[in-house]
Each structure stands twice: as structure tokens, then as C-alpha cells.
Amino acid sequence: MKYNPKINEDTARLDGFTKLHPYQPVDQCQGILELLFNLEQLLVTISGMSAFTLQPAAGAHGELTGMLIIRAYLEKYGEKRRKIIIPDSAHGTNPASAALCGYEVESIQSNKDGLVDLKKLKAAVTQDTAALMITNPNTLGLFERDILEICKIVHDAGGLVYCDGANMNALLGIARPGDMGIDILHLNMHKTFSTPHGGGGPGAGPIGVTEKLKPFLPVPRIEMAGQSLKEGMNNTKHDTSMTKNYTLNYQYPDSIGRVRAFYGHIGIMVRAYTYLLSLGKEGVCRVGEYSVLNANYLRQKLIKYYDIPYGKTCMHEFVISAKKQKEKGASALDIAKRLLDYGFHAPTIYFPLIVEEALMVEPTETESMEMLDAFADAMIQIATDIEQRPEAIRNTPQTTPVGRPDEVKAAREPKLKWETR
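Per our numbering, the very first residue in the sequence shown carries number 1344; after that it's consecutive.
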């Protein structure tokens, strides 16, 4: 994940934010409501969607919220569709989110290029299709170049298109899902907008929707109303420009209701808003450009040593297959453990499932050339060591306080509580 700028933390710790209470009257919370309202509008501009809610507490929670909105929309118009189509290159939480909302999940295989197979999609889409859940760019780090046709196929059958926006970092300032035909989009604050990630939270997964789905967004909705300043006493004229008055509106009868206590993870939103303001418009555009550049730089440095099965170029990430290293006696897990000895947190391994012995490399735009080169050198040295002495790689890490645990024992005999002696 990208670095979390210290200015984000400084802003989130300002007394005006940390000392707020969620039960304070709205007229005492105008500052934070203005910030949240402005953040929603920035996300609208960046994504091309019509409206956002900031309530969902994580990306997967955003998926669940999106599925609930789809269900509410279809039920409103008497549609009893039961199937969600999900490509095998989508994020792993997508099927779970759909199933939790009572849908049947149908997976479709990618084509030889690692993209959605249009023929298989057309065969899968029926009048029982509620939605397609697609990740774009997908988990292979590839842009779905047929996205317009994909959306048309689903829309022509009366279904909706949900986009898992976890990989939005690659598109930031370059392309907008709303312009591609996407109906619902979730964003990951911890990936694209530089907020903390891991350890079970905090997190945030705002949801953006098209105009027709706005009535179904969770409540309360943050809204702005204009108020004209009246003339003062003694007929002294004051500024008659419009002042901003922010309110929390619960009056949406088709809403799916509240999905998070109060208004979401406010501290995370303050961090994301700070990040966007510090970047400015030009900076936002550079995020996507540099993340794609860094990923392709690493890809080119490693392709001589590892198999990279899909695409000649990538977006923000690429997926290595350590299949040939496994044949030499060292697995993707061994490579990940060895990276710890070089001081690198290992990338995601064994995902996506369509790549054997997968290692997903996602440098983001915040890594320097020196750091990219150091990572590449470590990966190259590991590949060389596997060729010469794979047994040494299997016994790593060796420089960390804790070595490699017995993973089978840990899975079969987990210790879930601390016992004092």
C-alpha cells in the first residue's frame, strides 16, 4: 500500500475533529459536515458517478452495501432476478457479498488474455441476471478494454453493473468508471486515498451510484441548503450572498437504511480529504500515471527471471507466477518468506486463483526509484538462489525475531487467547 502522509494524521488529530460527538446537534457540526459533503463531491468528480455515501466501513462492506442497493432497486420495480455474474479475475470478496444478499453466484472464466470473455458473458447473461460484479482494472492488473461492450451486454438484459473500485489507483485522473457505464462503484480509502490499512481497521469503502440509484443510498444523506443573509438592523445592508447550511436528511423512503453506526469512519474521511486537497487536480492525475509507470518498470526488470503470464504491459500491478521456481523446489510462499530477510513486506500470494503460485506486485506511485530497484534486486537474487540452492530459501526468514512457524500446526491447533503463566 502507498505511504500515509503525516499531514493526514496531523489534520485528523485537530481538536475540532477529535472532540466532536456524534450526538451533537447539526448546527454545532457544520465544519465536519462541510468536509464530508465536499469529499463526496470530489469523489463524484473523480469517479463520474452521480452521488456517494461515505458510510461503509471497508471495501467488502461497500460491496455488501452495493448489493443491498441493487436488491432494493430491483424489488422496487418488481424484478425478481436471482443471479450475480462474477468473472474469475474479480476480487475474492465479491461472491461472499453477493451470497450474503441472497443471490446465486455464477463465475465466468477469463479469456487467454486474462480479460472478460465476451462470448461466455453473453451466454451467462439472462433475464435472471441481477448484476455483473467486475473489477477494473482486474486483479491481474489489466484494464478491461471491452468495458463499454460488457456494460451494454448486461444493461440490454436489464441488469446492473457493479464495479469493485479497489484498483482505482491506476485510473485516478485518467479514466472514470461512471463514463464506462458502471452503475455502482465502491472505492477503498486505504488503497487509493492514502489512509491507514490493515490490522482489522480502520477502513472505509464509500459507494458511488448513478442517478437512478440515488434514492436507495443509505441514510442519513448529507445535504447543503442555501440561506440568504437578511438586511441588518437600521437598514444597514450586509452581504446577501448565499451561506452554506449542511443538514442530515433521513427522508428517503426507498433507502436501504443505515449500514454503519453514525456517519462512517470520520477520521479516515478527514485523512482522505486532506490527501486530495494536498494533491490538487494536477497531483491527482499524476497518481495514476506514476503508479502505472512504477508497476511496468518493475515488471520489465523481473520478466527475465519470473513468468508473468498475462499481458505485455500492466496497469498498477502485475501478477508473477512462481511455477518454474516451484518446480525447482521453492514455492511462492518461500519467496514471500525470503523477502522478509531483505526487509520487504511480502506481496499478496496465491491470489488471483487463476495464476499458479501467484505473487501480486503492486508498488503504487509513492515508491522511489531506489526502492523499486532494491525490491527488484531482491527478487532477482531470490530467483538466482532458487536455481542454485532452493533448500536455503525454504528455511527462511532467518533475520526476523520469529522464524517460520509450523503453518499446518497453527491451522489445526490455533491458540486464540493469551495465557499468562
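Glycine included, C-beta positions come from ideal geometry on N, C-alpha and C.
- Residue 1533 is not bridged by DSSP to any residue.
- Residue pairing by DSSP puts residue 1450 in a beta bridge opposite 1429.
- With fewer than 16 neighbouring CB atoms inside 10 Å of its own CB, residue 1605 falls in the exposed class.
- Of the residues assessed, residue 1634 falls on the buried side of the cut-off, its CB having 16 or more other CB atoms within 10 angstroms.
- Taking C-beta separations shorter than 7 Å and ignoring five residues to either side along the sequence, the partners of residue 1617 in its chain run 1350, 1351 and 1354, following chain order.
- Inter-segment contact for the region 1405 to 1412 and the region 1519 to 1529 is present: three or more beta-carbon pairs are separated by less than 8 Å.
- If the five residues before and after residue 1475 are omitted, its C-beta is found closer than 6 Å to the C-beta atoms of 1428, 1497 and 1504, all from its own chain and listed in chain order.
- The beta-carbon distance between residue 1627 and residue 1516, rounded to whole angstroms, is 4 Å. This is short enough to meet the 8 Å contact definition.
- Excluding five sequence positions before and after residue 1556, the CB atoms of its chain that fall closer than 7 Å to its own CB belong to 1412, 1416, 1526 and 1527, given in chain order.
- Listed in chain order, the non-local C-beta contacts of residue 1443 below 8 Å within the same chain comprise 1407 and 1410, local neighbours out to five positions each way being set aside.
- A straight-line Cα-Cα distance of about 38 Å links residue 1381 and residue 1464.
- A distance below 7 Å separates the beta carbons of residue 1432 and residue 1695.
- In the displayed model, residue 1475 falls within a strand according to three-state DSSP.
- For residue 1617, the three-state secondary structure derived from DSSP is helix.
- Unbroken alpha helix (DSSP H) stretches of 4 residues or longer found wholly inside the region 1698 to 1762: 1712 to 1731, 1733 to 1736 and 1750 to 1755, given in chain order.
- The three-state reading of DSSP puts residue 1394 in strand, counting E and B together.
- One thing to note: residue 1538 has its Cβ no nearer than 7 Å to the Cβ of residue 1629.
- Look at residue 1559 here: in three-state DSSP terms it is helix.
- Around the Cβ of residue 1437, a 10 Å sphere holds 16 or more other Cβ atoms; the residue is buried.
- Counted as a single uninterrupted DSSP element, the stretch harbouring residue 1598 is not any alpha helix (DSSP H), since DSSP gives it neither H nor E.
- Taking C-beta atoms as the reference points, residue 1709 and residue 1423 fail to come closer than 7 Å.
- Excluding residues up to 5 positions away in sequence, nothing lies with its Cβ nearer than 7 Å to the Cβ of residue 1624 in the same chain.
- About 7 Å separates the beta carbons of residue 1648 and residue 1722, which is inside the 8 Å limit, making them a contact pair.
- Residue 1390 sits close to residue 1551, with the two beta carbons spaced by under 7 Å.
- Burial state of residue 1727 is exposed, judged by a 10 Å Cβ sphere holding fewer than 16 other Cβ atoms.
- Ranked by Cα distance from residue 1457, the first of 1690, 1736 and 1698 is 1698.
- Take residue 1609, set aside five residues on each side of it, and the residues of its chain with a beta-carbon closer than 8 Å to its own are 1360, 1363, 1375 and 1379, in chain order.
- A residue is called buried once 16 or more other Cβ atoms fall within 10 Å of its Cβ, and residue 1446 is buried on that count.
- Counting only runs of at least 4 residues, the region 1671 to 1700 fully encloses the following alpha helix (DSSP H) elements, listed from N- to C-terminal order: 1675 to 1684.
- Shown here, residue 1552 sits in a strand according to DSSP, grouped into three states.
- The three-state secondary structure of residue 1525, taken from DSSP, is coil.
- For residue 1506, the secondary structure class from DSSP, reduced to helix, strand or coil, is strand.
- The continuous stretches of alpha helix (DSSP H) do not include residue 1468, and DSSP gives it neither H nor E.
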